[in-house]
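**Student:**
Right under this line is the structure:
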C-alpha cells in the first residue's frame with residue numbers, strides 16, 4: 002500500500018496520536034488569537050490581571066530582596082577586582098603621561114629652535130641630554146654624524162662644543178669649563194665691548210680683556226664673535242651679572258651667567274653645518 | 002495531575018518574573034516524552050494561553066506553538082530512536098530554538114538563541130529525571146529473576 006493510496010493516507014492519519022484533539026485545540030487557539038485581535042477579550046484580561054499582577058509583583062520583589070542579600074558579596078568581589086584593575090590602569094596612564102610630557106617638551110623645543118636659528122641656514126640635529134658632570138653627555142654619536150668640535154646650541158644660546166665622540170654618544174664641553182676660551186662681545190645702547198670669555202669652575206664665566214673705554218653694564222647679553230670658526234656669530238653665551246673694574250688694571254672684567262639652567266633642557270641641537 | 006498543574010502555574014510565574022527561561026515548555030516537552038497522553042495537549046493549550054497573557058502577547062500565540070511542539074514530541078516518540086534520552090537533547094534544542102525564533106518573528110525583534118537555548122537544554126536534563134521519577138513513582142519495576 003503506497004502513501005498516495007487513500008488507505009495509505011488514512012493509515013498515516015491514524016498514526017498521528019490524538020489528531021482530533023490537536024486539531025480542535027489548534028482551531029480554538031486561532032479563534033482566541035482572532036478574538037484578542039479585535040479586543041473582545043480585553044475585559045476578561047483586565048479582570049484576570051487583578052489576580053496575576055500582584056502575584057507577579059510579589060515574586061519579583063521577593064527575588065529582588067533575595068538578590069540584595071547576596072549583593073554585597075558580589076559587590077565586594079567586584080569592587081576588589083575593579084580596584085586592582087584601576088590601579089593597573091592608573092600606573093599605565095601615569096607612565097604614558099610622563100612619556101607624552103617628555104615628547105611635548107621635545108616638540109616645543111624643536112619648534113622654538115626653528116623660530117630662532119633658521120633651519121634653512123643651519124643644519125640642526127637634535128639630541129637628548131643623558132648625563133651631566135663636567136661635560137654634558139648627549140645620546141647621539143658618530144653613527145648619527147656627530148663630529149668633534151661641532152657646536153651645541155639651544156634656540157640661539159650656545160651650550161658648548163663636542164669634545165669626545167663615541168658611536169652612540171658624545172660629550173659637550175660647556176662654556177664655563179676651565180678649558181673653554183671663546184671670543185665674545187656684548188652690546189648695549191652705549192656701544193659694544195669685546196673680550197674673551199673664560200670658563201670658571203661652577204656655572205660662571207668670566208668675560209675678560211675688556212677695554213676700560215668700552216661700555217658694558219649689568220644685564221647686558223654676551224654673544225659669540227664666531228672667530229674660532231666652529232660656531233656662528235651672534236649666539237648668546239649669557240648675561241652680565243657683575244662688573245669687575247679696577248683703575249689700576251689694564252682691562253676690566255665681567256662675570257657672566259648662562260641665561261638658563263642646562264639641566265632644564267629636554268633637547269639640544271648640534272649644528273652639523 | 003493536580004500537583005503538576007500547580008507546579009506549572011508556579012513555573013509560569015517564575016518564568017515571567019525571575020527566571021527568563023522557557024520553564025513551562027521544557028516541563029511540557031519532557032512530560033510529553035515520558036507520558037504520551039492527550040492531557041499533554043490540554044496542558045500545552047491552557048498554559049500557552051497563560052504564558053501569552055503573562056507576557057502581554059496575543060492570547061493563543063504560545064498555545065499554538067506549544068501544541069505544535071507537544072504534538073511533535075508525540076510523533077517523535079513513535080520513532081525507532083526515541084528510546085535513547087540523549088537523542089532527545091538535540092531535538093529539544095531545535096524545538097526550543099523554533100519557539101524563540103517564532104516569538105522573535107512575531108515581536109519583530111532580533112533573534113537571540115545563545116546562550117539561552119544552551120541553558121534551557123541543560124536544564125532539561127534534571128527536569129527529565131525529576132519528571133520521570135514523579136510519573137513512574139507508582140510503576141512497579143519487574144524483578145530481576147536469576148535463571149537457575
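Residue numbers (the numbering used here), protein chains in the order written: chain A, 2 to 274; chain B, 2 to 149.
All C-beta atoms, glycine included, are put in the ideal place defined by N, C-alpha and C.
1. Just the C-alpha distance for residue 11 (chain B) and residue 60 (chain B), rounded to the nearest angstrom, thanks.
2. Roughly how many whole angstroms lie between the Cα atoms of residue 18 (chain B) and residue 90 (chain A)?
3. On the DSSP letters alone, give me the boundaries of the beta strand (DSSP E) that residue 133 (chain A) sits inside.
4. Could you round the C-beta distance between residue 121 (chain B) and residue 97 (chain B) to whole angstroms and report it? I think they count as a contact, below 8 Å.
5. Between the stretch 45-59 of chain B and chain A, which residues of the former have CB atoms less than 9 Å from a CB of the latter, in chain order?
6. Who pairs with residue 165 (chain A) in a beta bridge, going by DSSP?
7. Give a yes or no on whether the minimum CB-CB distance between residue 9 (chain B) and chain A is below 8 Å.
8. To which residues of the same chain is residue 75 (chain B) closer than 8 Å at the C-beta, ignoring the five residues directly before and after it?
9. Rounding to the nearest angstrom, what Cα-Cα distance links residue 245 (chain A) and residue 266 (chain A) in this structure?
10. Using Cβ-Cβ distances below 7 Å, what residues of the stretch 56-67 of chain A are close to chain B?
11. Taking the straight line between their C-alpha atoms, what separation do you get for residue 104 (chain B) and residue 56 (chain B)?
12. Would residue 202 (chain A) pass as a contact of residue 179 (chain A) if the rule is Cβ separation under 8 Å?
13. Residues in the stretch 92-112 of chain A with C-beta within 7 Å of chain B's C-beta atoms, listed in sequence order?
14. For residue 214 (chain A) versus residue 195 (chain A), is the C-beta distance shorter than 8 Å?
15. On a Cα-Cα basis, can you pick out the residue from B:65, B:46, B:26 that is closest to residue 93 (chain B)?
16. So what's residue 264 (chain A) in DSSP terms, helix, strand or just coil?
17. Between which two residues does the beta strand (DSSP E) containing residue 152 (chain A) stretch?
18. Whole angstroms is fine: what's the gap from residue 275 (chain A)'s alpha carbon to residue 86 (chain A)'s?
19. What residues from chain B crowd round residue 23 (chain A), counting only those whose CB sits closer than 8 Å?
20. Taking only beta-carbon positions, decide if residue 30 (chain A) is within less than 8 Å of chain B.
21. From residue 135 (chain A) to residue 84 (chain A), what distance separates their C-alpha atoms?
22. At a Cβ cut of 7 Å, what residues of the stretch 24-40 of chain B count as close to chain A, listed as they run along the chain?
23. Just curious, the beta strand (DSSP E) that residue 234 (chain A) is in, first and last residue?
24. Am I right that residue 268 (chain A) and residue 158 (chain A) are in contact with their C-beta atoms under 8 Å? What's the rounded C-beta distance?
**Tutor:** Per the coordinate set shown:
1. As a working note, residue 11 (chain B) is residue 10 in the second chain. As a working note, residue 60 (chain B) is residue 59 in the second chain. When rounded, the distance between both Cα atoms is 19 Å.
2. Reading the second chain from its first residue, position 17 is the one you call residue 18 (chain B). Reading the first chain from its first residue, position 89 is the one you call residue 90 (chain A). Taking the straight line joining both Cα atoms gives about 39 Å.
3. Locating residue 133 (chain A) in the first chain gives position 132, counting from the first residue. Segment 130-133, the beta strand (DSSP E) holding residue 133 (chain A).
4. Here the question's residue 121 (chain B) lines up with position 120 in the second chain. Here the question's residue 97 (chain B) lines up with position 96 in the second chain. Correct: roughly 5 Å between the Cβ atoms.
5. Those would be 45, 46, 49, 50, 51, 53, 54, 55, 59, in chain order.
6. Here residue 165 (chain A) refers to the residue found at position 164 of the first chain. Answer is A:172.
7. As a working note, residue 9 (chain B) is residue 8 in the second chain. Not an interface residue.
8. Position 74 of the second chain, counted from the first residue, corresponds to residue 75 (chain B). Answer for residue 75 (chain B): 33, 37, 41, listed in chain order.
9. One-based indexing of the first chain puts residue 245 (chain A) at position 244. One-based indexing of the first chain puts residue 266 (chain A) at position 265. Spanning the two alpha carbons is a distance of roughly 31 Å.
10. The residues in question are 56, 57, 60, 61, 64.
11. The sequence position of residue 104 (chain B) within the second chain is 103, counting from 1. The sequence position of residue 56 (chain B) within the second chain is 55, counting from 1. Straight through space, the alpha carbons of residue 56 (chain B) and residue 104 (chain B) are spaced by roughly 11 Å.
12. Working through the first chain from its first residue, we reach residue 202 (chain A) at position 201. Working through the first chain from its first residue, we reach residue 179 (chain A) at position 178. Yes.
13. Answer set for the stretch 92-112 of chain A: empty.
14. Translated into positions along the first chain, residue 214 (chain A) becomes position 213. Translated into positions along the first chain, residue 195 (chain A) becomes position 194. Contact flag unset, no.
15. Within the second chain, numbered from 1, the residue matching residue 93 (chain B) stands at position 92. In terms of Cα proximity to residue 93 (chain B), the closest of B:65, B:46, B:26 is B:26.
16. On the first chain, position 263 is the one that residue 264 (chain A) refers to. In the structure shown, residue 264 (chain A) falls within a helical segment according to DSSP collapsed to helix, strand and coil.
17. Here residue 152 (chain A) corresponds to residue number 151 of the first chain, with the count starting at 1. The continuous beta strand (DSSP E) containing residue 152 (chain A) extends over residues 152-155.
18. The structure shown has nothing for residue 275 (chain A), since chain A only spans 2 to 274.
19. In the first chain, counting from the first residue as 1, residue 23 (chain A) sits at position 22. Using a Cβ-Cβ cut-off of 8 Å, residue 23 (chain A) is close to 42, 68, 72 of chain B, given in chain order.
20. Here the question's residue 30 (chain A) lines up with position 29 in the first chain. So yes, residue 30 (chain A) belongs to the interface.
21. For this step, residue 135 (chain A) is matched to residue 134 along the first chain. For this step, residue 84 (chain A) is matched to residue 83 along the first chain. Those two C-alpha atoms are separated by around 47 Å.
22. Correct list: 37, 39.
23. Position 233 of the first chain holds residue 234 (chain A). Looking at the DSSP string, residue 234 (chain A) is not in any beta strand (DSSP E), and its letter there is neither H nor E.
24. Working through the first chain from its first residue, we reach residue 268 (chain A) at position 267. Working through the first chain from its first residue, we reach residue 158 (chain A) at position 157. Not a contact, Cβ separation roughly 13 Å.
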